[in-house]
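Number of protein chains: 2
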Amino acid sequence: MIARGLMLGPDQPVVLHMLDLPRAADALNGVKMELVDAALPLLRGMPALQPLAAVFSFIAGCKAYFALGATTNFETGVVATSDEAEAFKGVNVAILIGGWPRKEGMKRKDLTAKNVPIYKSQASALQQHAAPNCKVEQRFWWWLTPRTPTRSSSRSSPPGSPAKNITCLTRLDHNRALGQVAEKLGVPVGDVRNAIIWGNHSSTQFPDASHATARTELGERPVKELVADEKWLKEEFVSTVQERGVAVIKARRQSSSLSAASAACDHMRDWILGTPKGTWVSMGVFSDGSDRVPEVLFYSFPVTCEKGEWSIVQGLQIDDFARSKMEASGTELMEEKSIAINIL
Amino acid sequence: MIARGLMLGPDQPVVLHMLDLPRAADALNGVKMELVDAALPLLRGMPALQPLAAVFSFIAGCKAYFALGATTNFETGVVATSDEAEAFKGVNVAILIGGWPRKEGMKRKDLTAKNVPIYKSQASALQQHAAPNCKVEQRFWWWLTPRTPTRSSSRSSPPGSPAKNITCLTRLDHNRALGQVAEKLGVPVGDVRNAIIWGNHSSTQFPDASHATARTELGERPVKELVADEKWLKEEFVSTVQERGVAVIKARRQSSSLSAASAACDHMRDWILGTPKGTWVSMGVFSDGSDRVPEVLFYSFPVTCEKGEWSIVQGLQIDDFARSKMEASGTELMEEKSIAINIL
């Protein structure tokens, strides 16, 4: 998708850096062969220009890491490596969607313990080798504390400070919410917008359609009115989105794949190329205190993006029902953060 | 890729029909869930218009069938079924890339015997249920004889007769050939064009770079001159492309996946939307006797496409080396055809 222009636009040449564990080096090289075999015109090194893209594929046989970056590999535009320094060298965009997968019966605490060392090593390599202001899209490091929190950055730090450059993925949940509303209303999903995922990328997340709208013959209308079924919006919709990943695993006997890749692509595209006017998307970003979310947390908010910068949507009415759901997810994030800090 | 507009253009809504065996119904439904979860704006049924797309996924755990077609499934634009009649109903484009996979130690004759019954059942469903002039892109039915051969169709039959509407995939081999030339020359693959795959989609195919050109600072130049290594062009290049599938399997321990999907998409896109001026691609089409290829065979030729019709490139100089390679692949196709006819 990246090398076809779906993430960075149809005219943006890309160089893909793919990172995987040493034991997966052969398979990763096979992916590189396939990228060459696909004869993708956008996939190329351009020593004379500043190249823009790279992908890191990370292990465990199941998930992939991506990142955009510079390379001198003119011929193929693909770097396949198990060396973090090489993988992150000069990258402008890093998509870190790999990590220790959650196995059946594993507690979140155990999962965090497995992922903290991966984080430490990669964060250090990113800091040393990536291009300045590299944008980082990631799945597993919700508990980290960026060097410069957003609020102080808006006062004195330069733009592009770390807190601004790191976002967490909740786009799959966001897209699932749009999909469920579209199915309920029997309308094309492209006509529905402004669902929100609040909180954690876990089952405590709060999928909220109370601000969503849908295009109808009578113009843009609130989903709440069109659905006219408060029970569905507060119960079935919420639990369907929260538990969709489990339902997909049950059907496919594998975790989400095409929808996860599609969401990772949508997230970065909107961050870099901007959200359409009047449309917001959900992203985990470091809280600036908006909506009473503590300023020490990454938390999924509705955001709009312009010129490569995200901003939290302000001024939304939040009722008591939403507030209690949002706080429950925030409490879970606080607990996870304290576990991670203890391990760190 | 189809639902992102990469096959039929960025503004073409599509409906995907996915076909799989009954034992894979759950997994197929999981794919449908993921397509809904990806919130793809182009993926939608539009009862008021003639919808254009559908995908058939076929199993054996490894490959997928695709086809474009009509549906009344307004909400999701996805039909997941194990019923051929439902799958092929009203489809405008059918992408048949599934079939019995070749296992280690299996002879081609055994493979054909496994695939003929699949062909019989699907061909009959296509004929009964697909839209008129449905375009069929396929991998396994090289040995079939269309109702109306190309030559007579050019004299008296209407356009869109069966021979014109069925093409076989050699695009992956074609793209691999471009990739190998680009690597050899150290140029972006988008600057190389007009490689040819002659013959069968098998190891007897003849990858031919003798008519290919590459864009250089001095303009468009013959690859033959730029490579200046006849031995490489006649030996290493040919065998690398022929054996690339095996090399990918060796590295990934799985057969080609992203490159195969990418090639299937390129093939249909170029067929429907046209090849760029001055550029040809390779497709298996029913021979009209061009280049002395017998008129009873599907055979991979260089073709250009315009307004949804392919034409074999005429007037290429073919030397004795190429002729002998082309004839060897034609002989193999004749043998395979006679095996298939005996089974039929």
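Chains S and U are the protein sequences, given in the same order. Here the numbering used here is used: the first residue of the first sequence is -3, the next is one more, and so on. Here the numbering used here is used: the first residue of the second sequence is -3, the next is one more, and so on. Using N, Cα and C, we set each Cβ at its ideal position, and we do this for glycine too. Note that this is a predicted model, so its numbers are computed, not measured.
Test: residue i CB closer than 8 Å to a CB of chain S
i, result
"residue 26 of chain U", "yes"
"residue 22 of chain U", "yes"
"residue 14 of chain U", "no"
"residue 75 of chain U", "no"
"residue 94 of chain U", "no"
"residue 209 of chain U", "no"
"residue 190 of chain U", "no"
"residue 290 of chain U", "no"
"residue 340 of chain U", "no"
"residue 159 of chain U", "no"
"residue 104 of chain U", "no"
"residue 271 of chain U", "no"
"residue 319 of chain U", "no"
"residue 142 of chain U", "no"
Pair within 8 Å by beta-carbon distance, residue i and residue j
i, j, result
"residue 194 of chain S", "residue 120 of chain S", "no"
"residue 130 of chain S", "residue 76 of chain S", "no"
"residue 278 of chain S", "residue 166 of chain S", "yes"
"residue 143 of chain S", "residue 158 of chain S", "yes"
"residue 38 of chain U", "residue 1 of chain U", "yes"
"residue 341 of chain U", "residue 238 of chain U", "Residue 341 of chain U lies beyond the range of chain U shown here (-3 to 340); nothing can be said about it."
"residue 84 of chain S", "residue 164 of chain S", "no"
"residue 26 of chain U", "residue 247 of chain S", "yes"
"residue 138 of chain U", "residue 196 of chain U", "yes"
"residue 40 of chain S", "residue 73 of chain S", "yes"
"residue 13 of chain U", "residue 87 of chain U", "yes"
"residue 35 of chain S", "residue 5 of chain U", "no"
Within-8 Å CB hit, residue i to chain U
i, result
"residue 33 of chain S", "yes"
"residue 4 of chain S", "no"
"residue 29 of chain S", "yes"
"residue 86 of chain S", "no"
"residue 286 of chain S", "no"
"residue 186 of chain S", "yes"
"residue 175 of chain S", "yes"
"residue 275 of chain S", "no"
"residue 168 of chain S", "yes"
"residue 7 of chain S", "no"
"residue 247 of chain S", "yes"
"residue 40 of chain S", "yes"
Distance, residue j Cα to residue i Cα
i, j, result
"residue 92 of chain S", "residue 133 of chain S", "6 Å"
"residue 110 of chain U", "residue 170 of chain U", "27 Å"
"residue 316 of chain S", "residue 215 of chain S", "29 Å"
"residue 309 of chain U", "residue 302 of chain S", "48 Å"
"residue 273 of chain U", "residue 283 of chain S", "53 Å"
"residue 33 of chain U", "residue 173 of chain S", "8 Å"
"residue 191 of chain S", "residue 299 of chain S", "11 Å"
"residue 80 of chain S", "residue 9 of chain S", "23 Å"
"residue 183 of chain U", "residue 263 of chain U", "23 Å"
"residue 227 of chain U", "residue 180 of chain U", "13 Å"
"residue 289 of chain U", "residue 329 of chain U", "11 Å"
"residue 235 of chain U", "residue 229 of chain U", "10 Å"
"residue 103 of chain U", "residue 335 of chain U", "12 Å"
"residue 162 of chain S", "residue 106 of chain U", "55 Å"
"residue 323 of chain U", "residue 201 of chain U", "10 Å"
"residue 160 of chain U", "residue 117 of chain U", "21 Å"
"residue 339 of chain U", "residue 212 of chain U", "51 Å"
"residue 253 of chain U", "residue 220 of chain S", "42 Å"
"residue 188 of chain U", "residue 3 of chain U", "21 Å"
"residue 99 of chain U", "residue 127 of chain S", "46 Å"
Proximity to residue i [Cα-Cα], best of the options
i, options, result
"residue 232 of chain U", "U:138, U:257, U:204", "U:204"
"residue 115 of chain U", "U:141, U:327, U:223", "U:141"
"residue 255 of chain S", "S:340, S:244, S:264", "S:244"
"residue 271 of chain S", "S:306, S:293, S:291", "S:306"
"residue 113 of chain U", "U:101, U:259, U:96", "U:96"
"residue 124 of chain U", "U:100, U:82, U:108", "U:82"
"residue 261 of chain S", "S:168, S:99, S:312, S:24", "S:168"
"residue 331 of chain S", "S:108, S:-1, S:268", "S:108"
"residue 224 of chain S", "S:241, S:242, S:177, S:122", "S:177"
Strand pairing of residue i, partner residues [DSSP]
i, result
"residue 211 of chain U", "U:216"
"residue 134 of chain U", "U:92, U:164"
"residue 278 of chain U", "U:298"
"residue 203 of chain S", "S:193"
"residue 112 of chain U", "Answer is none; residue 112 of chain U lacks a bridge partner."
"residue 334 of chain S", "Answer is none; residue 334 of chain S lacks a bridge partner."
Proximity test, Cβ basis, 8 Å: residue i and chain B
i, result
"residue 327 of chain S", "This model lacks chain B altogether, as its protein chains are S and U."
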